[in-house]
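Student: Structure below; questions to follow.
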Amino acid sequence: MTSTGAEPAGGLRLVDERGRSLTLSSDGVDLFRYVYGPWDRPLESPRPYFHPLRTLSGRTVSLFRPWDHVWHKGLAWSLPNVGSQNFWGGPTYYRDRGYAQEDNNGSIVHTGFTSVTLDADRVTVDENLSWVASTGEEWFTERRAFAAVVEEETWTLAYSTAFTNVSGATVPIGSPTTEGRPNAGYGGLFWRGPRSFSNGRVYLEGRTGGDEMMGERGRWLAYSGDHDGVDGSSTLVFVDDTPGDEPIKWFVRTGIFACVCPAPFFDVVRPVEPGETLRFRYAVTFADGDTGPDGAARIAEAASGITAKLLPFLDDDTAQGASG
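If you read the sequence shown in the working numbering, its first letter stands for residue 1358, the second for the next number, and so on.
Printed below as a string of structure tokens:
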């Protein structure tokens, strides 16, 4: 074999900016930066997030701290109505007075990695976190794990969270919709897309649409949007990989901006008893181009069950992810 003298692309590379972030690159393209030590203001409910997120070709498919909602941070586990606390950021919606900014913005704090493993085609992360109320009290402890696996044309993020109520009291988890605001059931693994993705295409188990998909149920949902500056599109395929019989409701918007959230607390309050653990699993596949509904369905089928395969060290025997 004759060398060209040029350094090869090198496959996967993981950089740990100690105390701040993990960055995964594939053949020279940064696929994600996972910021586990955020420096946000308390009002923005500091919590770990993925941003930027990119496809294999290097197209950015996430947005950070947009002016309209500065607490939106790429892809992040975020919950707005957790008892009296807000782990979403910004104002809280109340049934009797609408949105109000209170001194109730909690934070999700990284307390350590159990393991960070880089293999030839994937990275696997096992993390511990603490949910701290605005009063300084610890309400939940969380075990979070995620893996990113790179294939020839796509890459997939498998994500799992298990959080345990250590507050000593029952904590109800809901959404603005459970407080009375229609079609505002956001809360969970929330993604904010680039500005250019506004008015994108939503594919939901054989249907194509936009804002009218809000609150619909399905095992998976895909969002395809167009990029500024290049002639091209990208597609994100979200799969609810949480064990359960009933498909999840989706919080999705296309018109005013692009966002997707599998929303387990969309319109049902879930009381979490002291010592109780809730578990959720999701997969997100990132693809260059507009896959269309058929391509999205194939990707979703391939990703279904991937969290159990990539994160086998997590015990899901007592999964309690379904709301209600």
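C-beta atoms are modelled at their ideal positions from N, C-alpha and C, and glycine is treated no differently.
Taking the alpha-carbon of S1419 as reference, which of F1622, D1583, R1564 and L1668 has the nearest alpha-carbon?
Tutor: S1419 has its Cα closest to that of D1583, out of F1622, D1583, R1564 and L1668.
Student: Please tell me whether E1494 and S1524 are closer than 8 angstroms, where the distance is taken between their beta carbons.
Tutor: The answer is yes: Cβ separation under 8 angstroms.
Student: Give the C-beta separation of A1519 and R1636 to the nearest angstrom, bearing in mind that I take them to be a contact with Cβ-Cβ under 8 angstroms.
Tutor: With a Cβ gap of about 4 angstroms, A1519 and R1636 count as contacting.
Student: In the DSSP assignment, what are the bridge partners of T1449?
Tutor: A1457, per the DSSP bridge assignment.
Student: Report the rounded CA-to-CA distance for R1558 versus Y1580, giving the unit in angstroms.
Tutor: Looking at the two C-alpha atoms, the distance is approximately 6 angstroms.
Student: Check this for me: beta carbons of V1482 and A1502, under 8 angstroms apart or not?
Tutor: Contact flag set, yes.
Student: What's the C-alpha gap between L1554 and P1604?
Tutor: The sequence as given places Phe at residue 1554; Leu does not occur at that position. Taking the straight line joining both Cα atoms gives about 26 angstroms.
Student: Is the distance from the Cβ of G1537 to the Cβ of D1598 below 8 angstroms?
Tutor: Their beta carbons are not under 8 angstroms apart, which means G1537 does not touch D1598 by this criterion.
Student: Quick check for students: name the residue ranges of the beta strand (DSSP E) that lie wholly in the stretch 1499-1565, counting only runs of 3 or more.
Tutor: Within the stretch 1499-1565, the complete beta strand (DSSP E) runs of at least 3 residues are 1511-1522, 1528-1531, 1545-1549 and 1558-1561.
Student: On the premise that W1428 lies in contact with G1446, defined as a C-beta separation below 8 angstroms, what is that separation, rounded to the nearest angstrom?
Tutor: The Cβ separation is near 2 angstroms, so the contact holds.
Student: Out of L1486, F1622, S1487 and F1389, state which residue places its alpha-carbon closest to the alpha-carbon of G1415.
Tutor: The candidate whose alpha carbon is nearest that of G1415 is F1389.
Student: Do E1573 and the ligand NAP come close, with the Cβ less than 7 angstroms from some heavy atom?
Tutor: For the ligand NAP, the structure offers nothing, since it holds no ligand at all.
Student: To which residues of the same chain is G1572 closer than 8 angstroms at the C-beta, ignoring the five residues directly before and after it?
Tutor: Excluding positions up to five away in sequence, the list reads N1540, G1542, K1606, W1607, F1608, F1623 and D1624.
Student: When the Cα of T1471 is compared with those of Y1451, V1594, Q1458 and E1499, which residue comes out closest?
Tutor: Comparing Cα-Cα distances from T1471 to each of Y1451, V1594, Q1458 and E1499, the minimum goes to E1499.
Student: Rounded to whole angstroms, how far is the Cβ of L1671 from the Cβ of P1619, which I believe are closer than 8 angstroms?
Tutor: That pair is no contact at about 18 angstroms.
Student: Apart from the five residues on each side of it in sequence, which residues of its chain come closer than 6 angstroms, Cβ to Cβ, to T1648?
Tutor: Excluding sequence neighbours, T1648 sits near T1592.
Student: When DSSP labels each residue in this structure, what does E1569 get in the three-state scheme?
Tutor: Reduced to three states, the DSSP call for E1569 is helix.
Student: Provide the residue span of the beta strand (DSSP E) that contains E1475, from first to last.
Tutor: Checking the displayed sequence, the identity of residue 1475 turns out to be Leu instead of Glu. Where L1475 is concerned, the enclosing beta strand (DSSP E) stretches over S1464 to L1475.
Student: Exposed or buried, V1641, counting other C-beta atoms within 10 Å across all chains shown (16 or more means buried)?
Tutor: By the 10 Å Cβ count, V1641 comes out buried.
Student: Measure the C-alpha to C-alpha separation of R1574 and P1650 and round it to an integer number of angstroms.
Tutor: About 16 angstroms.
Student: Can you tell which of A1526, T1474, N1556 and D1478 has the C-alpha that lies nearest to the C-alpha of E1484?
Tutor: It is T1474 whose Cα lies nearest to the Cα of E1484.
Student: How many Å lie between D1373 and R1452 at the Cα?
Tutor: So the alpha carbons of these two residues sit roughly 43 angstroms apart.
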